[in-house]
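Notes for the one structure printed next.
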Amino acid sequence: MLSHVNVSLESLNIATLVPMLIPIIGALFILVIDLFKKDLSKSMYVMLSLLFVLLDFGSLIDFAIRFDTNGTLLGYFDLMLVDGLALLAQFVIVGASLLFIPLALTSKRFHEFSYSEFFALFLFMIAGFQFMVATDNLILIFIGLETASLALYTLIALHNRTKSFEAAVKYFTMGALAAGFYAFGSMIFYALSGSVEIHQIAAVFHADGFANLPYILIGVVFLLGAVGFKLSLVPFHTWAPDVYEGASASMAGYMSIVPKIAGFVVVMRLFEFLVHSGVVWMDVILYATVVITMTAPNIWALVQTDVKRMLAYSSISHAGFVMAAVLIATTQSNSALFLYWTLFTFTNLGSFSMLWISRQKNLPAGQSSDHPYTKFSGMIKTAPIAATIMALFMLSLAGIPPFGLFWGKLYMISSAVSGGYIVLALIMALNSAIAGYYYVKLIVYMFMKEPVPGLEGKVYSMNASTSLRTIIGIAAIGTVFAVIAINPLLEFITRFVYNSGY
Amino acid sequence: MLDHILSILIFLPALAGILGFVIHKDSVKTYGIAVSIIEFLGSLYLWFAFDPNVSGMQFMESMPIIPSFGINYLLGIDGISLFIIIMAALFTMLGIASLGETKKIKNLVITLLFLQMTMVGVFAALDAILFYVFWELSLVPMLYIIGAWGGPLRIYASVKFFLYTFTGSLIMLVGMLFTAYLYYQATGSWSFSILEWYRLILPHSYQLWLFAAFFIGFAIKVPMFPFHTWLPYAHGQAPTIGSVILAAVLLKMGTYAFIRFSLPMFPDAATFFMFPIAVLAIIMIIYTAMVAYAQEDIKQVVAYSSVSHMGVIVLGTFALNVEGITGSVFLMIGHGIVSGALFLLVGVIYDRRHTKLMSEFGGLAHVMPRYATIFGIMMMASVGLPLLINFVGEFLSLLGFYNQSHITTLLAGVAIIVGAIYMLSAFKKAFFGEVTNEKNKNLPDINKRELVALIPLTIIAVWLGVYPKPILNPINNSVESIVALMHEKAISPEAKTRIPALEGKIAIQKSEAEVK
Numbered sequence: 000m001l002s003h004v005n006v007s008l009e010s011l012n013i014a015t016l017v018p019m020l021i022p023i024i025g026a027l028f029i030l031v032i033d034l035f036k037k038d039l040s041k042s043m044y045v046m047l048s049l050l051f052v053l054l055d056f057g058s059l060i061d062f063a064i065r066f067d068t069n070g071t072l073l074g075y076f077d078l079m080l081v082d083g084l085a086l087l088a089q090f091v092i093v094g095a096s097l098l099f100i101p102l103a104l105t106s107k108r109f110h111e112f113s114y115s116e117f118f119a120l121f122l123f124m125i126a127g128f129q130f131m132v133a134t135d136n137l138i139l140i141f142i143g144l145e146t147a148s149l150a151l152y153t154l155i156a157l158h159n160r161t162k163s164f165e166a167a168v169k170y171f172t173m174g175a176l177a178a179g180f181y182a183f184g185s186m187i188f189y190a191l192s193g194s195v196e197i198h199q200i201a202a203v204f205h206a207d208g209f210a211n212l213p214y215i216l217i218g219v220v221f222l223l224g225a226v227g228f229k230l231s232l233v234p235f236h237t238w239a240p241d242v243y244e245g246a247s248a249s250m251a252g253y254m255s256i257v258p259k260i261a262g263f264v265v266v267m268r269l270f271e272f273l274v275h276s277g278v279v280w281m282d283v284i285l286y287a288t289v290v291i292t293m294t295a296p297n298i299w300a301l302v303q304t305d306v307k308r309m310l311a312y313s314s315i316s317h318a319g320f321v322m323a324a325v326l327i328a329t330t331q332s333n334s335a336l337f338l339y340w341t342l343f344t345f346t347n348l349g350s351f352s353m354l355w356i357s358r359q360k361n362l363p364a365g366q367s368s369d370h371p372y373t374k375f376s377g378m379i380k381t382a383p384i385a386a387t388i389m390a391l392f393m394l395s396l397a398g399i400p401p402f403g404l405f406w407g408k409l410y411m412i413s414s415a416v417s418g419g420y421i422v423l424a425l426i427m428a429l430n431s432a433i434a435g436y437y438y439v440k441l442i443v444y445m446f447m448k449e450p451v452p453g454l455e456g457k458v459y460s461m462n463a464s465t466s467l468r469t470i471i472g473i474a475a476i477g478t479v480f481a482v483i484a485i486n487p488l489l490e491f492i493t494r495f496v497y498n499s500g501y
Numbered sequence: 000m001l002d003h004i005l006s007i008l009i010f011l012p013a014l015a016g017i018l019g020f021v022i023h024k025d026s027v028k029t030y031g032i033a034v035s036i037i038e039f040l041g042s043l044y045l046w047f048a049f050d051p052n053v054s055g056m057q058f059m060e061s062m063p064i065i066p067s068f069g070i071n072y073l074l075g076i077d078g079i080s081l082f083i084i085i086m087a088a089l090f091t092m093l094g095i096a097s098l099g100e101t102k103k104i105k106n107l108v109i110t111l112l113f114l115q116m117t118m119v120g121v122f123a124a125l126d127a128i129l130f131y132v133f134w135e136l137s138l139v140p141m142l143y144i145i146g147a148w149g150g151p152l153r154i155y156a157s158v159k160f161f162l163y164t165f166t167g168s169l170i171m172l173v174g175m176l177f178t179a180y181l182y183y184q185a186t187g188s189w190s191f192s193i194l195e196w197y198r199l200i201l202p203h204s205y206q207l208w209l210f211a212a213f214f215i216g217f218a219i220k221v222p223m224f225p226f227h228t229w230l231p232y233a234h235g236q237a238p239t240i241g242s243v244i245l246a247a248v249l250l251k252m253g254t255y256a257f258i259r260f261s262l263p264m265f266p267d268a269a270t271f272f273m274f275p276i277a278v279l280a281i282i283m284i285i286y287t288a289m290v291a292y293a294q295e296d297i298k299q300v301v302a303y304s305s306v307s308h309m310g311v312i313v314l315g316t317f318a319l320n321v322e323g324i325t326g327s328v329f330l331m332i333g334h335g336i337v338s339g340a341l342f343l344l345v346g347v348i349y350d351r352r353h354t355k356l357m358s359e360f361g362g363l364a365h366v367m368p369r370y371a372t373i374f375g376i377m378m379m380a381s382v383g384l385p386l387l388i389n390f391v392g393e394f395l396s397l398l399g400f401y402n403q404s405h406i407t408t409l410l411a412g413v414a415i416i417v418g419a420i421y422m423l424s425a426f427k428k429a430f431f432g433e434v435t436n437e438k439n440k441n442l443p444d445i446n447k448r449e450l451v452a453l454i455p456l457t458i459i460a461v462w463l464g465v466y467p468k469p470i471l472n473p474i475n476n477s478v479e480s481i482v483a484l485m486h487e488k489a490i491s492p493e494a495k496t497r498i499p500a501l502e503g504k505i506a507i508q509k510s511e512a513e514v515k
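If you're matching them up, the sequences are chains A and B in order.
Quick note, in numbering that gives the first Met the number 0, the first sequence goes up one by one and the last residue is 501.
Quick note, in numbering that gives the first Met the number 0, the second sequence goes up one by one and the last residue is 515.
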């Protein structure tokens, strides 16, 4: 007979669920409104979602203060784990979402934004990502991952173009495979340790001295494959350029930031103890993944003719660059990961938004993709301000100081150097040099070539509205004046990472 | 306010550049000249207020940027950077003044003002990251100048220039980060201050690797053989103003950085690599001189000769003694003045004929006597004739290296003399003999606008050739403290003997910052 289980409400610490519950409630609320009143303006949904995301952000600030005084919080049968990593990642997730939602307010009507479901799904997705980072339970990570991913597939498909369906299907099938990988990897870990909690698994593995090494390595490979899909690590990246191309530019920008930070946190939790285990193969597998993910997409990006595809490949390369932090696994490198990703959020969202505002509703004749390089020829003459801002984002992505991403790069390479990975640091530096070429290529097109006849300046701001311009302005300010924010940001991040024991 | 004179000199042009966006394009050139005159006067004030008896840094400013990572806004100059900053201000001023009718003149003037910010920044920065920021940032305006106003192959040339220097400097960045990490290990706190780094005593093997990492960044900029291949393209395609600034100021960033970073931080590695680098420098002198001889384009002759003379600067720097380094710094100034003037002169003839091929010319001395005179003076200065500016620097550089190795110096000396042949032969081809080409018969002589830029340079070239003392003294003083520092820090016996000891010039407190 089953014995009674007594659970006191206090020990559940339900409060740890608040940040995830806010967007979920928001999503349900939007669905209910839609049930009763159909013909509401899309801007109302945008503002409503923005409100919930803001609330979410507020609750995170509250948690950050509590974490600062009390340390790590556990809740809900210890499923929820609110530590520094979880909070930092949620700040990026929710912060990027805050900047993303207003992008729906375009002047051209794209019909996906007129569905209330779009916003409901969007909020569900945020909650999914938040669950994914705020736990060290493999099952809850899986649930968060799948919630977020399923919502994301649908959001891409809503963009109602042949390429978008193709992208969504491609992403879905790949994602399903990744889910299988994930389940299989966790199963092996469970079989070996009898637990689905990462810290328990670590304890068991350490206790028996990694006795079942071959099995552990198989589990690692499966899990790395699964998370590798989300992080678009080579060789699991093949979906990324096509999906980015098929999705709307704003969605692509979002996808290059938010799912990845969630993935990074999972990888950090999973691999922290594995990297420190001293098992040589773990290092080799990760090292190879990092170097290949950094280098190969860089070389593919060189030959792209479409700016969006170039940015897609460059995002993959950036993910590889940041993945190095997991390999180095010091407090400095883990802090560098968050610093880099925060700065990357501004710059990458900015550059994808620039593509978004130059989006034409229908492709002009003779143009096979949305944003070929040639479209930007001579932009400095026809749209000087837009060209300057775009160039700024490119310089930042290339890592030219004093623009945002340079400081992330600096700190990341420094962490490699101080972690004893000198060769890796050199590879990182050389990769930045290769990447310089394709970013500068866009600048060359914009500033040094003659404009294409027939393309007037307004093509570059076809889709612009005040809110889009505001977002781009925020991204540009964040990119240019990043240097002022680096020190407080760095201290904040380092304290949180350090206090979580990473 | 004058406490922050260096900050003003750095950010005034940038601020003026931003304000310049709203000025009508007809007045923007005058605006640019006005701003650069203020900037130039400011740099002269630096010289005026500079105390030549102090061997350390002056006009220091400090402000934390990222204190938790040891990055500061740290500025200061010594006798070495002082004159290069004045030269950068001088050439921006003369460059803008000499601009003729150009498309998009507004963008050009604004770009030049931004470029000026980065140039002054590089030479005034005493924090490695700050230095790196300006160093990298200077690539962007130059990319734009070559790419937007250059010749037919301008895009290829500008991207090549950008990627070459960018790659080199990223490797240098890894070196900087590693140095900072070693400093962190030795002292327990992060610092990127060059002055702090000077106190760091590194083991021999670390020195070698770090020296190599920094060397790649600097050598590409100089450009040293075999990293020089970007330069002929950049010069060949760049507009006159681009070539002038590139030759006069931007290349000096590399040689300046050798003296600021490589020598005082890694004295043992500098001694270790002295001969290999000297060999590269001599190859640079001889090989580029030969290539220059084969050129048909007069601008390429000047470009290659400029690389050749940069070889002498490198040779002087790696003499590792006071004469050599003082000579190389002086030659940096001289080379800047002379090669800048030569590129301006080539620009004059290009404006008139839209060709730079020597075969198109001949007998120009009859048609344009004033032009030929100035060209002749600069040519002789470039070749290193006594009583003209370059002689002083070349003589001291070679004298310095003579103390290290007689044979090598002899080789370099002969190479310079042989190198003079191509300059004189180019001069002969273009200026003497009969006027054969009809188009050259009625060319107007040099006009007032062009003279405005060239007369001051000619005066400087003669003045400093005859009486180099006013700038030689402050340079000498600062160099002495660097050499004293190197001798003090050197750990290998070879370096101790190669680098002369200077009594009473010790600039370093025996430091606790030692990496084992």
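Glycine included, every Cβ here is placed at the ideal spot set by N, Cα and C.
Amino acids of chain B, ordered along the chain, whose beta-carbon sits closer than 9 Å to that of LEU73/A: Sequence index remark: in the first sequence, residue 73/A carries index 74 (1-based). Per Cβ cutoff of 9 Å: no residues; LEU73/A is ~30 Å from chain B at best.
Residues in the segment 14 to 28 of chain B having any Cβ partner in chain A nearer than 8 Å: Flagged: no residues at all.
Interface residues of chain B facing ILE485/A [CB-CB closer than 7 Å]: Stepping through the first sequence from its first residue, residue 485/A is reached at position 486. The answer, in chain order, is ILE65.
Under 9 Å by beta carbon: chain A residues contacting LEU73/B: By one-based count along the second sequence, residue 73/B stands at place 74. Within chain A, no residue comes near LEU73/B; the closest Cβ sits about 15 Å away, beyond 9 Å.
Backbone CA spacing between VAL503/A and THR373/A [nearest angstrom]: One cannot answer for residue 503/A here, as it falls past the ends of chain A, which runs 0 to 501.
Test item: CB-CB of PHE109/A and TYR44/A under 9 Å: Here the question's residue 109/A lines up with position 110 in the first sequence. Here the question's residue 44/A lines up with position 45 in the first sequence. Against a cut-off of 9 Å, the Cβ pair of TYR44/A and PHE109/A comes out as no contact.
Minimum C-alpha distance to GLU100/B - residue among ILE154/B, GLY323/B, SER26/B, MET377/B: To locate residue 100/B, count along the second sequence from 1; it is residue 101. The residue from ILE154/B, GLY323/B, SER26/B, MET377/B with its alpha-carbon nearest to that of GLU100/B is SER26/B.
Beta-carbon neighbours of TYR436/A, restricted to chain B and to distances below 8 Å: To locate residue 436/A, count along the first sequence from 1; it is residue 437. Simply VAL158, LEU162.
Expected contact under 8 Å - CB spacing of PHE262/A and VAL226/A to nearest Å: Along the first sequence, read from residue 1 onward, the residue named residue 262/A stands at position 263. Along the first sequence, read from residue 1 onward, the residue named residue 226/A stands at position 227. Going by the sequence as given, residue 262/A is Gly instead of Phe. With a Cβ gap of about 5 Å, GLY262/A and VAL226/A count as contacting.
Contact set between VAL439/A and chain B, taken where Cβ atoms lie within less than 8 Å: As a working note, residue 439/A is residue 440 in the first sequence. Here the neighbours are LEU142, VAL158, PHE161, LEU162.
Buried versus exposed call for THR105/A [16 or more other C-beta atoms within 10 Å across all chains shown]: One-based indexing of the first sequence puts residue 105/A at position 106. The Cβ neighbour count for THR105/A, taken over all protein chains shown within 10 Å, is at least 16; the residue is labelled buried.
Through-space distance from ILE282/B to ALA323/A, alpha-carbon basis: Here residue 323/A refers to the residue found at position 324 of the first sequence. Here residue 282/B refers to the residue found at position 283 of the second sequence. Their Cα atoms are separated by approximately 41 Å.
Residue from GLU38/B, ALA494/B, VAL121/B, ASN475/B with nearest C-alpha to VAL248/B: In the second sequence, the residue the question calls residue 248/B occupies position 249. For VAL248/B, the closest of GLU38/B, ALA494/B, VAL121/B, ASN475/B by C-alpha to C-alpha distance is VAL121/B.
Minimum Cβ-Cβ distance from LYS448/A to chain B less than 9 Å: Against the first sequence, residue 448/A aligns to sequence position 449. Interface residue, yes.
Pairwise C-alpha distance: ARG259/B and ASP126/B: Locating residue 126/B in the second sequence gives position 127, counting from the first residue. Locating residue 259/B in the second sequence gives position 260, counting from the first residue. Separation of ASP126/B and ARG259/B (C-alpha to C-alpha, rounded to the nearest whole angstrom) is 11 Å.
Where the segment 160 to 192 of chain B meets chain A: residues whose CB sits under 8 Å from a CB there: For the segment 160 to 192 of chain B, residues whose beta-carbon sits nearer than 8 Å to a beta-carbon of chain A comprise PHE161, LEU162, PHE165, THR166, LEU169, ILE170, LEU172, VAL173, LEU176, PHE177, ALA179, TYR180, TYR183.
Whether ILE244/B touches ILE144/B by CB criterion (9 Å): The residue you call residue 244/B lines up with position 245 of the second sequence. The residue you call residue 144/B lines up with position 145 of the second sequence. Their beta carbons are under 9 Å apart, which means ILE244/B touches ILE144/B by this criterion.
Beta-carbon proximity of SER305/B to HIS234/B, cut-off 9 Å: Against the second sequence, residue 305/B aligns to sequence position 306. Against the second sequence, residue 234/B aligns to sequence position 235. Contact: yes.
GLY383/B in three-state terms, based on DSSP: As a first step, residue 383/B must be located in the second sequence, where it is residue number 384. GLY383/B: coil per DSSP, three-state reduction.
CB contact check: GLY477/A to chain B, cutoff 9 Å: One-based indexing of the first sequence puts residue 477/A at position 478. So, not an interface residue.
For VAL278/B and LEU176/B, the rounded distance between their alpha carbons: Indexing the second sequence from 1 puts residue 176/B at position 177. Indexing the second sequence from 1 puts residue 278/B at position 279. Here the alpha carbon of LEU176/B sits roughly 29 Å from the alpha carbon of VAL278/B.
Cβ of GLU135/B within 9 Å of any chain A Cβ: Against the second sequence, residue 135/B aligns to sequence position 136. At a cut-off of 9 Å between beta carbons, GLU135/B contacts chain A.
Per DSSP, the bridge partner or partners of GLU60/B: Taking the first residue of the second sequence as 1, we reach residue 60/B at position 61. DSSP lists LEU74/B as partners of GLU60/B.
Residues near ALA500/B in its chain [Cβ-Cβ closer than 6 Å; skip 5 each side]: By one-based count along the second sequence, residue 500/B stands at place 501. Correct list, in chain order: HIS486.
Start and end residues, beta strand (DSSP E) containing LEU43/B: The residue you call residue 43/B lines up with position 44 of the second sequence. Boundaries around LEU43/B are those of the alpha helix (DSSP H), 27 to 48, since no beta strand (DSSP E) includes it.
VAL458/A to ASN159/A span [Cα, whole Å]: Translated into positions along the first sequence, residue 458/A becomes position 459. Translated into positions along the first sequence, residue 159/A becomes position 160. In a straight line, the C-alpha of VAL458/A is about 22 Å away from that of ASN159/A.
Inter-residue spacing [alpha-carbon to alpha-carbon] between VAL482/B and PRO385/B: Here residue 482/B is taken as the residue at index 483 of the second sequence, counted from 1. Here residue 385/B is taken as the residue at index 386 of the second sequence, counted from 1. The straight-line gap from Cα to Cα measures roughly 27 Å.
Helix, strand or coil at GLY74/A [DSSP, three-state]: Looking up residue 74/A in the first sequence gives position 75. Three-state result, GLY74/A: strand.
Length of the line joining the Cα atoms of SER460/A and LYS307/A: Working through the first sequence from its first residue, we reach residue 460/A at position 461. Working through the first sequence from its first residue, we reach residue 307/A at position 308. Each residue's Cα considered, the two are about 16 Å apart.
First and last residue of the uninterrupted beta strand (DSSP E) at LEU169/B: For this step, residue 169/B is matched to residue 170 along the second sequence. For LEU169/B, no beta strand (DSSP E) segment is defined; the enclosing uninterrupted segment is the alpha helix (DSSP H) at 153 to 186.
Assigned secondary structure, SER522/B (DSSP; H/G/I helix, E/B strand, else coil): Because chain B in this structure spans residues 0 to 515, residue 522/B falls outside the shown range and cannot be described.
Which of helix, strand or coil DSSP assigns to ASN136/A: If you number the first sequence from 1, residue 136/A lands on position 137. In the three-state scheme derived from DSSP, where H, G and I count as helix and E and B as strand, ASN136/A is classed as strand.
Contacts of VAL139/B in chain A (Cβ-Cβ under 9 Å): Position 140 of the second sequence, counted from the first residue, corresponds to residue 139/B. The answer, in chain order, is ALA390, LEU394, ILE399, ILE442.
Chain B residues whose Cβ lies nearer than 9 Å to that of ALA385/A: One-based indexing of the first sequence puts residue 385/A at position 386. Within 9 Å Cβ-Cβ: nothing; ALA385/A doesn't reach chain B, min ~15 Å.
Proximal residues of chain B, C-beta to C-beta of LEU489/A below 8 Å: What you label residue 489/A is simply residue 490 of the first sequence in a count that begins at 1. From the beta-carbon of LEU489/A, the residues of chain B found nearer than 8 Å are ILE65, SER67, PHE68.
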